[in-house]
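Under UniProt numbering, residue 361 is the last one in the sequence shown; the count climbs by one each step, no gaps. Notes follow the structure.
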Amino acid sequence: MEEGKLSRKDFLRGAGGLLAASIVPMSLVEIACGGRGKGTHEKFTFAFISDPHLTHIKGTNFVRNFDSGLNKAIETVNLMFPRPDFVVFGGDLAQLGKREELDHGMELLSKLKVPVKFVIGEHDYYLDLGKYWQDKISKLNYSFDHKGVHFVVLNSILTYDTWINRWKTPEERMNEMARLDNPNGSPFMVGDDQISWLKKDLENIKSGTPLVVLSHSPLYKIYKPWNFWTDDAEKIQSILDRFDNVTVFHGHVHQVLYNQIKNISFYALMSTAWPWPYPESYTQSPHYIPKMTVFMNRQDPFHERDGTGWAFVNMDNAREEMHYKLWENKDRIVKYDESAGHPVDSTYQKPESRILPQTHY
């Protein structure tokens with residue numbers, strides 16, 4: 001094999017060996033860009049870890065289960081051969097944005113033997129509006145190029161100043177935004193300043209260049225009461241419209257979701273901490289789950305590891321193939337179907353093959 005190259009066969013063989021050894025809560029992504037643009041691009045891999053929600057109890061004590069999920073992902077990345085070029089961290093390192101939680105998370109992530117690209121989540125942001133994150137961890141939005149692929153990292157969890165200024169203390173604001181059902185939250189957005197930055201960042205990028213966008217919240221609208229929602233998502237989609245193919249990876253929703261809007265494929269990543277039910281099971285208001293998404297069936301949504309897991313993505317021939325590796329459930333493979341014009345589940349897309357999800361509420 002040519003030095004620096006990774007064949008799909010070798011990649012899948014390595015991923016299969018890892019799976020046999022241990023099911024782990026992370027996402028391994030292969031970019032195989034020969035068919036994604038007008039040029040030829042070198043294959044490479046990166047890992048994706050998201051939503052550990054590390055929770056401080058007191059002193060040096062943190063919630064064990066959430067630490068365990070993140071540690072498993074880190075250990076497995078370090079054992080990979082060949083190692084991924086870098087790791088994307090998808091947000092919600094902390095539960096309540098405390099310095100103790102962020103420092104603890106960075107201490108755990110420091111064990112990674114490859115560089116890390118950070119995306120901020122709302123649980124990391126709303127205590128001090130991202131100040132500690134920017135001082136100690138990463139910029140809130142940025143871009144980078146890697147082996148012919150242009151990556152854009154967006155801070156998609158901003159909200160309206162009227163909501164931010166509504167609360168008496170930063171702690172009250174953080175607690176309201178961090179509630180699981182989020183009744184007093186406020187819709188997320190990318191915001192005008194960042195949209196202007198995005199336009200400028202992309203103005204010299206050719207339309208045939210492979211483009212990967214990394215965000216925490218989905219860049220389309222799913223369910224407002226839980227903030228599975230980005231208010232200005234359509235503005236972002238419009239900016240990305242001129243590119244041949246765009247892939248958006250996001251965290252936040254803690255479940256398998258996939259969608260296609262024009263030229264953009266969307267894939268949700270699972271959490272290393274806990275699963276989350278689908279909005280359809282909660283009937284207080286309408287939801288907009290993509291019609292093409294086949295819900296992940298869970299035997300026990302309250303089990304420590306059911307509904308969490310990891311995935312890897314093979315991006316080839318201008319389209320992606322997502323392999324979800326579930327800890328205590330059957331693996332899922334979702335890939336773009338040219339005839340259908342959107343991603344499909346290779347096993348469960350046909351109605352007669354589906355396993356109905358449970359009603360959780």
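Yeah, the Cβ is synthetic: ideal placement off N, Cα and C, and Gly gets one too.
Can you list, in chain order, the residues of its chain with a C-beta nearer than 6 Å to that of T247? Leave out the 5 residues immediately preceding and following it. Excluding the 5 residues flanking it on each side, T247 has same chain C-beta neighbours closer than 6 Å at V212, S265 and E320, in chain order.
In the DSSP assignment, find the unbroken beta strand (DSSP E) run with Y142 in it and report its ends. From DSSP, the beta strand (DSSP E) with Y142 extends over Y142 to H146.
Alpha helix (DSSP H) segments (min. 4 residues) lying fully within the stretch 58-129: As far as the stretch 58-129 is concerned, its whole alpha helix (DSSP H) runs of at least 4 residues are 64-79, 99-109 and 122-125.
Pick helix, strand or coil for W310, following the three-state DSSP scheme. Looking at W310 - three-state DSSP - the assignment turns out to be strand.
State the Cα-Cα distance for the pair R354 and D103, rounded to the nearest angstrom. Approximately 43 Å between the Cα atoms of the pair.
Could you round the C-beta distance between L259 and T293 to whole angstroms and report it? I think they count as a contact, below 8 Å. According to the sequence provided, residue 259 is Asn. The question's Leu does not apply to it. Going by Cβ atoms, the distance from N259 to T293 rounds to 7 Å, so yes, they are a contact pair.
By Cβ distance, which residues of its chain are closer than 6 Å to K9, with the 5 residues on each side in sequence left out? Only weak support is given to the placement of K9: the predicted model assigns it a pLDDT of 46, under 50, and the value that follows is read from those uncertain coordinates. There are no such residues.
Tell me which residues share the same chain as Q237 and place their Cβ nearer than 8 Å to its Cβ, disregarding the 5 neighbours each side in the sequence. Excluding residues within five positions, the ones whose Cβ falls inside 8 Å are L219, Y220, I261, K262 and I264.
Looking only at DSSP bridge pairs, what is N259 linked to? For N259, the pairing in a beta bridge is given by DSSP as F266.
Can you give the Cα-Cα distance for L214 and E172, rounded to whole angstroms? Here the alpha carbons of E172 and L214 stand approximately 29 Å from one another.
Suppose contacts are defined by Cβ-Cβ distances below 9 Å. Is H254 in contact with G91 by that definition? Not in contact: H254 and G91 (Cβ atoms no closer than 9 Å).
In three-state DSSP terms, what is T162? Helix at T162.
For L214, report the span of its alpha helix (DSSP H) as first-last. Per DSSP, L214 lies in no alpha helix (DSSP H); the unbroken beta strand (DSSP E) holding it starts and ends at L211 to S215.
I want to know whether the stretch 160-172 touches the stretch 137-150 - three or more CB-CB distances under 8 Å. With the cut-off at 8 Å, the stretch 160-172 and the stretch 137-150 do not touch.
Quick one: complete alpha helix (DSSP H) runs, 4+ long, within the stretch 182-212? Along the stretch 182-212, the alpha helix (DSSP H) occurs as fully enclosed runs of 4 or more residues at 192-202, listed in sequence order.
Are at least three pairs of beta-carbons, each pair with one atom in the stretch 196-206 and one in the stretch 74-85, less than 8 Å apart? Contact between the stretch 196-206 and the stretch 74-85 is absent: fewer than three C-beta pairs spanning the two stretches fall below 8 Å.
Only counting the same chain, and skipping five residues up and downstream in sequence, which positions put a Cβ closer than 7 Å to that of residue 383? This structure cannot settle anything about residue 383, because the visible part of the chain is limited to 1 through 361.
The beta strand (DSSP E) spanning A178 covers which residue range? Counting along the chain, A178 sits inside no beta strand (DSSP E); it lies in the alpha helix (DSSP H) bounded by residues P170 to A178.
Anyone know if the C-beta pair for V87 and P52 falls short of 9 Å? In this structure, P52 does not lie closer than 9 Å to V87 by Cβ.
Determine, using beta carbons only, whether R242 and M296 come nearer to each other than 9 Å. In this structure, M296 does not lie closer than 9 Å to R242 by Cβ.
Excluding the 5 residues flanking G121 on each side, which residues of the same chain have their C-beta closer than 6 Å to its C-beta? Counting only Cβ-Cβ distances below 6 Å, and skipping sequence neighbours, we find G91, D92 and H216.
What would DSSP say about Y220, mapped onto helix, strand or coil? Coil, per DSSP.
Out of A47, I157, T60 and A233, which has the shortest C-alpha to C-alpha gap to R83? The option with the nearest alpha carbon to R83 is A47.
Give me the Cα-Cα distance between D67 and L112, rounded to the nearest whole angstrom. Taking the straight line joining both Cα atoms gives about 15 Å.
Cutting at 6 Å between CB atoms, please list the residues of its own chain near M106, excluding the five before and the five after it. Hits under 6 Å: none found.
Among all the DSSP beta bridges, which residues are the ones paired with T55? DSSP output for T55 lists no bridge partner at all.
Only counting the same chain, and skipping five residues up and downstream in sequence, which positions put a Cβ closer than 6 Å to that of V344? Non-local beta-carbon contacts of V344 in its own chain, meaning distances under 6 Å to residues more than five positions away in sequence, involve D337 in chain order.
Can the beta-carbon of L70 be found closer than 9 Å to that of L96? No, the pair does not count as a contact, with Cβ atoms beyond the cut-off.
Should T76 be flagged as near chain B, meaning a C-beta pair shorter than 9 Å? This model lacks chain B altogether, as it is built from one protein chain only.
When burial is assigned at 16 or more other CB atoms within 10 Å of the CB, is P277 buried or exposed? Counting other Cβ atoms within 10 Å of its Cβ, P277 reaches 16 or more and is therefore classed as buried.
Relative to the C-alpha of F151, which candidate in K235, L240 and D192 has its C-alpha closest? Ranking the options by Cα distance to F151, first place goes to L240.
According to DSSP, what are the bridge partners of Y336? Beta-bridge pairing by DSSP links Y336 to P343.
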